[in-house]
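If you read the sequences in order, they're chains A and B. Residue numbers for the first sequence follow numbering that gives the first Met the number 0, beginning at 0 and rising by one. Residue numbers for the second sequence follow numbering that gives the first Met the number 0, beginning at 0 and rising by one. Let me begin by presenting the structure, written as structure tokens, before commenting on it.
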Amino acid sequence: MSSDSTRLEFRDPVRGRELLARLESSVERAGRRISVMHVCGSHEQALARYGLRTSLPRGLRVVMGPGCPVCVTDAPEIDQAIELARRGLHVLTYGDMLRVPGQSLSLEDVRAEGGRVSVVYSATQAVEVARRASEPVVFFATGFETTAVATAAVLDADPPENFFVLSAHKYVPPAMQVVASTPDSQIEGFLAAGNAAIITGYGLFEAFASENRVPVVVAGFEPLDIVAGLVKLVELVVEGQAQVVNAYPRCVTRDGNRPALAKLFKVFAQRDGEWRGIARIPGGDLRLRSEYAAWDAHERFLAGERALTRAPVEEGVDQCRCGSIMSGTAEPSDCALFGQQCKPDSPRGACMVSSEGACRIWHQYGLGLRNERELSSLRVRESSP
Amino acid sequence: MCLGVPGKIVEIRDLVARVDFWGVSRDVALHIVDEPVTVGDYVLVHVGFAIRRIAAEDIEQTLEFYREIVEEELGPSALGKAES
């Protein structure tokens, strides 16, 4: 199969229009406005990049939920990493975390002050840095379950004694639960992230779907994957069927990657934790089990200290609406700062910092800005095969 | 961070594979890949770890999609950098 033919297969504009027409008629048949949520920065990137946001039926609202790991990392968690760097410890983290502000500073600010903060691209690389060093090295580990599996793997492979993990890992399914059980939630269906489901398997969503009476469709990242996933999801919503459908069968299985999942929960336990700007999520944080306390930076450097706490009303302080946007109750364009005082080169909130943040993605593709119409038609032309 | 990147295995030493991503090669950990892999196989890589062996018939479409995204949005050298 040549690359050209496969591109046509997954981006064929004729098939795309057919699917969009089918989506339109399903929404029309519902006779009301339908809201669904996806929980993945890569889905938002694809929706924006292929001009799908401007082609969706008017009666369908597709909101981005808490799908940006960098954005939901809580400010006090970032402050802990900053605190350790200021004590002179060498702090390693993923590149996306550098510019995200804690309650006052970012890790990049601390690095500018002379703090030792370095970027790594994998947990393995962080271990290598520790092996070459004699002093303690702290890996500030962020990200959802797919990323936490990598941290678990290095902790389970006999890392050196001077390697410490400051875990801010998050587990997505409990956050979906919180959104689904919010009383005034208008979300009637979930588009689950294909890549996370490679690890967890789609079977994980079956109990969620039946308990919350809400359908879940696992979708991939090609434009047709997403539109086809939405078609299926809207049909399930209209028919009132709280099922799980795997619309990404070429990568996702019912069981997922079992050895990886086993490793994840061998090393990590779920704890209640704050998701920045959203809520306290029961079981939403992944923290090291006591068997791994020897490598736990919380135990080694922060035990017994008063927990770093948040400022009372983080969101209201500078009008940043990141939290509402990640909860699905506001869109980037609802924020007064968006595209004005808050831009990618001068971000005010985490949603504008990360390449997976809704605000950053909308800004990059000209969505929700004053000249949206012109820009989005340009994108549609560019993305046609 | 959620965007897994596929590459081709060119060498394996214990639990580390040398993986080629369109000319940029990287060491990738094999601790958690879902099934046994050999040289010549493609794997989906997430933050330095292979998380899934990709079946032959899925390779072309996946590669093309990611090549385009990576080169357009991050520049051709971006694979050598951090996750994102």
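From the three backbone atoms N, C-alpha and C, an ideal C-beta is built for every residue, glycine too. Nothing here was measured: the structure is a model prediction, and the numbers come from that model.
In this structure, DSSP gives residue 211(A) a helical state, which the three-state scheme calls helix.
From the listed residues 243(A), 218(A), 226(A) and 234(A), the smallest Cα separation to residue 206(A) is found for 243(A).
For residue 269(A), the uninterrupted beta strand (DSSP E) run begins and ends at 267-274, by DSSP.
Only exposed fits residue 248(A), as fewer than 16 other CB atoms lie within 10 angstroms of its CB.
If you draw a straight line from the Cα of residue 35(A) to the Cα of residue 213(A), it is about 10 Å long.
In the assembly as shown, residue 166(A) is a buried residue. Its beta-carbon has 16 or more other beta-carbons within 10 Å. Per DSSP, the beta bridge partners of residue 186(A) are 34(A).
Residue burial annotation: residue 35(B) is exposed, with fewer than 16 other C-beta atoms found within 10 angstroms of its C-beta.
Where residue 81(A) is concerned, there is no enclosing beta strand (DSSP E), although the alpha helix (DSSP H) around it starts and stops at 74-85.
Residue-level contact check: residue 23(B) does not touch chain A, since none of the beta carbons of chain A fall below 7 Å from its beta carbon. For the beta strand (DSSP E) assignment, the uninterrupted runs of no fewer than 3 residues enclosed by the stretch 137-181 of chain A are, from N- to C-terminal side, 162-169.
By the C-beta criterion, the stretch 68-78 of chain A is judged not to be in contact with the stretch 222-239 of chain A, since fewer than 3 inter-stretch pairs fall below 8 Å. Neighbourhood of residue 28(B) in chain A, by CB distance below 9 Å: 121, 122, 123, 149, 152, 153 and 156, in chain order. Taking residue 101(A) as the centre and dropping the five residues before and after it, the same chain places the C-beta of 74, 77, 78 and 81 closer than 6 Å to its C-beta, in chain order. Look at residue 191(A) here: in three-state DSSP terms it is strand. Of all C-beta pairs linking the stretch 108-127 of chain A to the stretch 158-178 of chain A, three or more are shorter than 8 Å, placing the two stretches in contact.
For residue 146(A), a Cβ of chain B is located within less than 7 Å of the residue's own Cβ.
As a beta-bridge residue in DSSP terms, residue 341(A) pairs with 337(A). Under DSSP, the beta-bridge partners assigned to residue 295(A) are 164(A). Residue 91(A) sits in a strand when the DSSP states are folded into three classes. Residues of the same chain with a CB within less than 6 Å of the CB of residue 33(B), apart from the 5 flanking positions on each side, are 51 in chain order. Secondary-structure assignment with DSSP links residue 32(B) through no beta bridge to anything. Three or more Cβ pairs closer than 8 Å define a contact, and the stretch 133-152 of chain A meets that threshold against the stretch 253-267 of chain A. For residue 222(A), there is no enclosing beta strand (DSSP E); the residue is found in the alpha helix (DSSP H) stretching over 222-238. Collapsing the DSSP output to three states places residue 284(A) in a strand. By the CB criterion at 7 Å, residue 94(A) and residue 118(A) fall inside the cutoff. Proximity of residue 51(B) to chain A, defined by a Cβ-Cβ separation below 7 Å, is satisfied.
According to the DSSP secondary-structure assignment, residue 63(A) is paired through a beta bridge with 37(A). Counting along the chain, residue 277(A) sits inside no beta strand (DSSP E), nor does DSSP assign it H or E at all. Looking from the CA of residue 270(A), the closest CA among 288(A), 83(A) and 109(A) belongs to 288(A).
Chain A has a Cβ within less than 7 Å of the Cβ of residue 33(B).
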